[in-house]
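Participant: Next up is a structure, given as C-alpha cells.
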Amino acid sequence: MTRRSLLAGSVGLAAGAATAAPFLLPKYDRVRRPARSRVAIVQVDEYSERLEGALMGAFRLFALNIAGKSVLLKPNLVDFVPGVNVNTHPLLVTAAAECFRRLGAHSVTVAEGPGHQRDTQLVLVESGFQDEIAKHHIPFVDLNRDELVKIKLCANYTGLGHLFLPRTVLSHDFVVSMPKVKTHHWSGVTLSMKNMFGIVPGAKYGWPKNILHWSGIQQSILDICATVPIHFVIADGIVAMEGNGPLAGTSRPLNSIVLSDDPVAADATCARLMGFKPERIPYIYEAVKFLGNASIELIDQIAGPVMAPDIPFKVVPEFEHLRAS
Amino acid sequence: MVDTALRAGLKSALIEQELSGGGWSYGLAATQAALEPTCLALLALRWDSNLARALGLKFLLRMQNPDGSWPAFSGDDSEGSGLTALAVIALINNGEMALQTERGVEWLLRLKGRESHWLWRWKFETTDTHVRFDPNKFGWPWLPGTCSWVIPTALSIIALKQGFVCCKPEQVSFRIRRGKEMLLDRVCPGGGWNAGNGVVYGVPLAPHLDATAIALLALGGEQSNGAIASGLDWLELRAETSSAPWSLAWSILALDAYGRPVEGLLARLCTLSDKGFLADSATLAAVILAIDCLVEGNVFKVIA
C-alpha cells in the first residue's frame, strides 16, 4: 500500500463517516424510556359528575406521588365546532383537577394554546369550559399568550434546535397531557404526544403553528416530547373521533379513559383501541427508542383489557395502512 | 350611547398595565412585552397625549430588528414576526412616518408566503392537493419560511393601504393585489375566513370571527363582491351570539367599517367589559378600539 492510496482511503473513509453519521447517530440526547410502563383503561359510558370517582379509583392504582406538586393539565382545545366533539370534555378535566387536589397537589392549573382559533376565550366560553373551570375555581392560562423562554430541544428530528416555550409549562412539576382520542388528517392520530403542540405559542409561531408542519409533524412531536416531559396521561376516549379529524371527523364512542405514566405507552394503547398498529405510526416507532414503551410485553396493563374494535377507526386514505386489519 | 366612565376606566386600566420600560405584555401580571398588545395599546391611545403613549412608542421603535421587521416579543430571535404589519399600522396612526416605518414596510414587501416559491407552488399544484387553494395567490406568513395565512396577510394589506394612501409604487400595488387575491381564494364556502384555507380534504372549514373581521377590514374600499357580502352577512349573524370580547371587538370594527349597525354588539361588549371579562391587555386594547370607533374613528378603516 502506497502512502497516496492510504491517504485516499482515509479521506474516503472520513467522507463516508461524515455522510452516514447523521443517519446513524441518535437524534436524542439521552434515553428516558422507563424499564416498564403502566396503563389503565377505565370504562365510562358518558360524561357526568361520576367521572371523578372513576378517575380516583384509577389514580390509586398508579400510587401517584402528587403531594405538594404543581400540576398542569393540558387538555386538547383546538376550536369550537358546534355539535362536533373536537375537544377534551370539560367534565373530565375538572374531575382530574379535583382528583389531583385530593391527592394533595399544591396547585392545579389548566393550560392550552389552541392551534387554529386565536380567541381562546371564545373556545372556553362556547365549549362550556369557562363555566366548568370557574365552578371549580381552577385557573386557566392561555399558552398562546404566555411569557416565553428560549429552550434548547433535547432531540433533533426537526433541526429547529430550539423553541420558545411558555414559562407556565416549564415551571410546573407535573405535566398531564389530556388529549381527545382522534384521527388526524396530517399525522394519522392525535393523542397525548401530538397534544403537546398546544404548548407551542401562537404569539411566536402563529395560528396554526405552521413551522411545526414544515418541520415535519412526526418529527416535531418527538422534539417537543423529548424536551417537555409528560408525566401522566389521561386520554378522553369516552367519545372519540374517526375519519377526517381533528376538526371535521365524526364521533365514535370508545367508552374509555386511558391513563398512563408513559405517553408512548398511552398512545400505543389508544392506537390499539382504535384498531391501528402502533408501530406503523412513525413517531411511536421512533419514540420507543428513547421516550417510552409501546410493546405489550413492556406495559403493565393495571386496569381494563386492550380490546381492538371489530371495525378499525376510519381514516383519510393516506393513513389506511395504520389499520390493523 | 357608550358610557363615558366605562371608556375612561378601560383606558386608565390599559395605561396602568404598561410595563415600566414601555410596551405591554399580554398577561395582566406578566413582565415580557409583546408586539401585539403593544401595537393595539398604542392604537387605542393614539389620540391621547400621555406619557404612556410616548413611552410605548419609544419602546416600539427601540424593539425593531436591524432588517426592519419587529420581533414577536422582548427577547425573541431576530427573524421577524408576521405581526410586523401591526407595528407599521401603529406607527402610521401615531403620526410616526419615520425611517423605521419605511424600513418596516420594506421588510413587509420582501416577506412572502413560502408557497410563492416555484418549487412549493409546483408541489401544491401537483402532488399535495388535499388543501384547496391556489398557490399562485400568496400573501404573508406568520413567520418567514412558512405559508401565507389570513391574519398576517390582511394586516399587511391594511398597513400598505394606510402607508400609501394616494400614490402606490408598482411593487406595493402588486403585493396588495396578490394579497387580496389570496384572501378571496381562501374564503370559506359558507362565507367568512378560517385561519387559512377554507376547504381541507373536501370538507369546508368553519370561519372564525376575528379572521373574518380582519380580512374584511383589509378588503375595505374594494368593489363589493360575493365574498365580501357573504363574509359580512356571516359576521353579522355570528357576532350576535358571541360573548367573547376579542372576537366581538374585531367584529364591531369590521361591521362599522362597512356601515353596518353595531349598537347592539357595542352594548354587549360594554356589559362584558364592565364585568371584567377581558382576558389580557391585547383584548383590552381591542375592546377600547371597538368602543371608540363611533367616537374617535375606526383606525382599521381603509380605502382601496
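Chains A and B are the protein sequences, given in the same order.
Positions in the first sequence are counted from 1; adding 102 to them yields our numbering.
Positions in the second sequence are counted from 1; adding 4 to them yields our numbering.
We treat Cβ as the ideally placed atom computed from N, Cα and C, and that holds for glycine.
Should V271 (chain A) be flagged as near chain B, meaning a C-beta pair shorter than 7 Å?
Facilitator: No, V271 (chain A) lies away from the interface with chain B (no Cβ there is under 7 Å from its Cβ).
Participant: Label C170 (chain B) either buried or exposed according to how many other C-beta atoms from any shown protein chain fall within 10 Å of its C-beta, with 16 as the threshold for buried.
Facilitator: exposed
Participant: Starting from the Cα of A142 (chain A), find the closest Cα among A:K254, A:V360, A:V302 and give me that residue.
Facilitator: Nearest C-alpha to A142 (chain A): A:V360.
Participant: Going straight from the alpha carbon of S16 (chain B) to that of L270 (chain B), what length do you get?
Facilitator: 19 Å
Participant: Within the segment 229-304 of chain B, note down every full alpha helix (DSSP H) run reaching 4 residues or more, in order along the chain.
Facilitator: 230-243, 249-261, 267-278, 285-300
Participant: Give the C-beta separation of W238 (chain B) and G196 (chain B) to the nearest angstrom, bearing in mind that I take them to be a contact with Cβ-Cβ under 8 Å.
Facilitator: 4 Å
Participant: Give me the chain A residues within the contact set of V291 (chain B), using Cβ-Cβ distance strictly less than 7 Å, ordered along the chain.
Facilitator: Correct list: empty, because the minimum Cβ distance to chain A is about 12 Å.
Participant: Considering only the alpha carbon of each residue, which of A:M409, A:G394, A:G351 lies closest to M376 (chain A)?
Facilitator: A:M409
Participant: At which residues does the beta strand (DSSP E) containing F334 (chain A) begin and terminate?
Facilitator: 334-344
Participant: Would you check if the segment 244-264 of chain B and the segment 393-406 of chain A touch, i.e. whether three or more CB-CB distances between them fall below 8 Å?
Facilitator: no
Participant: Could you give the residue range of the alpha helix (DSSP H) that holds H238 (chain A)?
Facilitator: H238 (chain A) -> no alpha helix (DSSP H), and no H or E assigned at all.
Participant: For T130 (chain B), does the count of other Cβ atoms within 10 angstroms reach 16, so buried, or fall short, so exposed?
Facilitator: exposed
Participant: Using C-beta distances below 7 Å, list every residue in its chain close to L262 (chain A), excluding the 5 sequence neighbours before and after it, in chain order.
Facilitator: L255, S317, D325
Participant: Residues of the segment 307-321 of chain A with a CB closer than 9 Å to any CB of chain B: list them in chain order, please.
Facilitator: Y307, G308, W309, P310, K311, N312, I313, H315, W316
Participant: Using a beta-carbon distance cut-off of less than 7 Å, what residues from the segment 207-240 of chain A approach chain B?
Facilitator: H218, Q219, R220, D221, Q223, L224, V227
Participant: Touching or not, the segment 378-395 of chain A and the segment 239-254 of chain B, by the rule of three or more beta carbon pairs under 8 Å?
Facilitator: The segment 378-395 of chain A is not in contact with the segment 239-254 of chain B.
Participant: Taking 7 Å as the CB-CB cut-off, is A294 (chain B) touching chain A?
Facilitator: no
Participant: Beta carbon of V306 (chain B), beta carbon of I162 (chain B): below 7 Å?
Facilitator: yes
Participant: Is the Cβ of H274 (chain A) closer than 7 Å to any Cβ of chain B?
Facilitator: No Cβ of chain B is located within less than 7 Å of the beta carbon of H274 (chain A).
Participant: With a threshold of 7 Å between beta-carbons, can R354 (chain A) be considered close to chain B, or not?
Facilitator: no
Participant: Using 10 angstroms around the beta-carbon of M101 (chain B), count the other beta-carbons present and answer buried if the total reaches 16, otherwise exposed.
Facilitator: Under this definition M101 (chain B) is an exposed residue.
Participant: Are the C-beta of V418 (chain A) and some C-beta of chain B separated by less than 7 Å?
Facilitator: yes
Participant: Would you tell me roughly how many angstroms separate the C-alpha atoms of L46 (chain B) and D81 (chain B), rounded to the nearest one?
Facilitator: 23 Å
Participant: Which partner residues does Y130 (chain A) have in the DSSP bridge list?
Facilitator: A:A257
Participant: Does chain B have any CB closer than 7 Å to the CB of H287 (chain A)?
Facilitator: yes
Participant: Just to confirm before moving on: does the CB-CB distance between A368 (chain A) and S289 (chain A) stay below 7 Å?
Facilitator: no
Participant: What are the start and end residues of the beta strand (DSSP E) that includes R140 (chain A)?
Facilitator: 139-145
Participant: How would you call W122 (chain B), buried or exposed, if buried means at least 16 neighbouring beta carbons within 10 angstroms?
Facilitator: exposed
Participant: Which residues, in chain order, does the segment 268-290 of chain B contribute to contact with chain A at a C-beta distance below 8 Å?
Facilitator: F281, A283, D284, A286, T287
Participant: Can you have a look at E20 (chain B) and say buried or exposed, based on whether 16 or more other CB atoms are within 10 angstroms of its CB?
Facilitator: exposed
Participant: Quick one: what's got a C-beta closer than 8 Å to S139 (chain A)'s C-beta in the same chain, skipping five residues either side?
Facilitator: Correct list, in chain order: S362, D363, D364, V366, A367, G394, N395, L400, I401, D402.
Participant: Taking three-plus beta-carbon pairs below 8 Å as touching, is the segment 326-333 of chain A in contact with the segment 204-211 of chain A?
Facilitator: The segment 326-333 of chain A makes no contact with the segment 204-211 of chain A: fewer than 3 CB pairs, one atom from each, lie closer than 8 Å.
Participant: Taking Cβ positions only, does T8 (chain B) come closer than 7 Å to chain A?
Facilitator: no
Participant: Nearest to F242 (chain A) by alpha carbon, out of A:E249, A:S279, A:F231?
Facilitator: A:F231
Participant: Residues in its own chain within less than 7 Å of A286 (chain B) by CB, not counting five upstream and five downstream?
Facilitator: Y30, E40, P41, L44
Participant: Taking contact to mean 3 or more Cβ pairs, one atom from each stretch, closer than 8 Å, check whether the segment 154-169 of chain A and the segment 178-186 of chain A are in contact.
Facilitator: no
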